[in-house]
Amino acid sequence: MHDEKKEQLREVLNQNMSQESIHKKLNEEKQKQEAIKQSKQDKQKKLFYILFTIFTLIIVSFITYLFVSNDLQKNTNNIKQEINIEPKVQNKDIEKVKTLEEDISNKEDKKTEKTEEITKVEEKTEIKEQKADIKDTKEKIVAQEEKIKKDDATLVNEEKKEDKTLVKDKLKALFNIKKFNIVKCYDYDTFQKKPPYTCSKKIKKFVQNNLDSVRFEVIGIVGKEDTAKAKELSDKKDVRKYIINGISRDRVVEAFWVIKEITGEKNIILTPVNYNIISKESNKGIIIRAYKN
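Positions -18 to 274 (the numbering used here) are the ones given, in order, by the sequence shown.
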């Protein structure tokens, strides 16, 4: 009896579950149908909007065409009217044009004459300026030569004084030509005479460290830029040589003043070298040697 009741309950439960699943499937199918229907409606709406837009564009294009055709017709009529001007009026216009052309031609001839006159004046002015530049260059060269001569005389006097010092103090003349310290400074600009700050600082430090030396020798170094500048000042080889020698001597003399600031009244021989070195690597400056006993 008990087992029969269990079986009945199971049948009832199975029937309920099958009805629920059927009901659920029906609902899902209904939702799918509604989604398909909605999609069709959306497509119909889109198609309607596209057709409406195309129709509107066609109407606008047609109206525009009508307006443009009217404007073209009006312009054509106006051109025809202008073309049909009376011959007398045309002849007058032609005469006016010819008169204007003659006036323009006369004015151009006058302008050409004025331009030629201005060109001649400019050429004369340019020749005067060139002559003035040549004169200035010659004056600079003469002044440079005079300065070189003065510097040579000054150096000769200094060498004579040093010779007297050598006679008075034979011990200082006995120095070893192979025993020396050296410093080089190539920071000079083209035609620069005074040592630049970095070079002056290097010279002072070198002299301070070699105050026990018997003799300081200074050599002037001339670079390619210096020789090129000398060529700009003069085409003559002898004059260029004087200019280069002058720059070298000036660098030596200015370096002496820096050395003298450190040595003061000490009996150290300062010797300028009577030649300059033209650097192959475009170095511009000085070389200082400090000779020892």
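Beta carbons: idealized from backbone N, C-alpha and C, even for Gly.
Item	Value
Is DSSP giving N248 helix, strand or coil here?	coil
Which class does G227 belong to by DSSP, given the choice of helix, strand or coil?	helix
Does the beta-carbon of L47 have 16 or more other beta-carbons within 10 angstroms, so that it is buried, or is it exposed?	exposed
Compute the beta-carbon to beta-carbon distance between I250 and R196, rounded to the nearest angstrom, for a pair I have assumed lies under 8 angstroms.	4 angstroms
Distance, Cα to Cα, Q12 vs N51?	59 angstroms
For L152 and I267, I'd like the C-alpha separation in whole angstroms.	The pLDDT assigned to L152 is 46, lower than 50, so where the model puts this residue is not dependable; a value taken from the coordinates is nonetheless given after this. Whole-angstrom Cα-Cα distance: 27 angstroms.
Determine the burial state of I224: buried for a count of at least 16 other Cβ atoms within 10 Å of its Cβ, exposed for fewer.	buried
Write down the C-beta distance between Y314 and K265 rounded to the nearest angstrom, noting that I regard them as a contact closer than 8 angstroms.	This structure cannot settle anything about residue 314, because the visible part of the chain is limited to -18 through 274.
Could you check if S194 is buried or exposed, using at least 16 other CB atoms within 10 Å of its CB as the buried criterion?	buried
Between the C-alpha atoms of T171 and A124, what's the straight-line distance to the nearest angstrom?	19 angstroms
Quick one: is N190 buried, meaning 16 or more other Cβ sit within 10 Å of its Cβ, or exposed?	exposed
What does DSSP give as the partner residues of E198 in its beta bridges?	T252, R270
Please classify E246: is it buried, with 16 or more other beta-carbons within 10 angstroms of its beta-carbon, or exposed?	exposed
Should P176 and R232 be called a contact, given that it needs their Cβ atoms to be closer than 9 angstroms?	yes
Take K305 as the anchor and find which of I163, A211, K159 has the nearest alpha-carbon.	Only positions -18 to 274 of the chain appear in this structure, which leaves residue 305 out of reach.
DSSP three-state call for K218: helix, strand or coil?	helix
Under the rule that 16 or more other beta-carbon atoms within 10 Å means buried, what is A209, buried or exposed?	exposed
By the three-class DSSP mapping on this structure, what secondary structure does F161 have?	strand
Shortest alpha-carbon distance to S263 belongs to which of N226, K160, G204, E198?	G204
Quick check: what's the CA-CA separation for I158 versus S181?	25 angstroms
Kindly list the residues whose CB is nearer than 6 angstroms to the CB of I64, restricted to its own chain and excluding five residues on each side of it in sequence; keep chain order.	In this prediction, I64 scores a pLDDT of 49, lower than 50, which makes its location untrustworthy; no coordinate-derived value is stated.
Determine the DSSP secondary structure at N257, reduced to helix, strand or coil.	strand
With distance defined between alpha-carbon atoms, name the residue in K261, K18, R270, I200 nearest to K160.	R270
Are I228 and G201 touching if we call contact CB-CB under 9 angstroms?	yes
Identify every residue that forms a DSSP beta bridge with C166.	I267
Measure how close the beta-carbons of T244 and V199 come, nearest whole angstrom, since I'm counting them as under 8 angstroms.	The pair is not a contact, with the Cβ atoms about 13 angstroms apart (cut-off 8 angstroms).
Identify, in the order they occur along the chain, each residue of the same chain with its Cβ nearer than 8 angstroms to the Cβ of V254, setting aside the five sequence neighbours on each side.	E198, V199, I200, G201, V233
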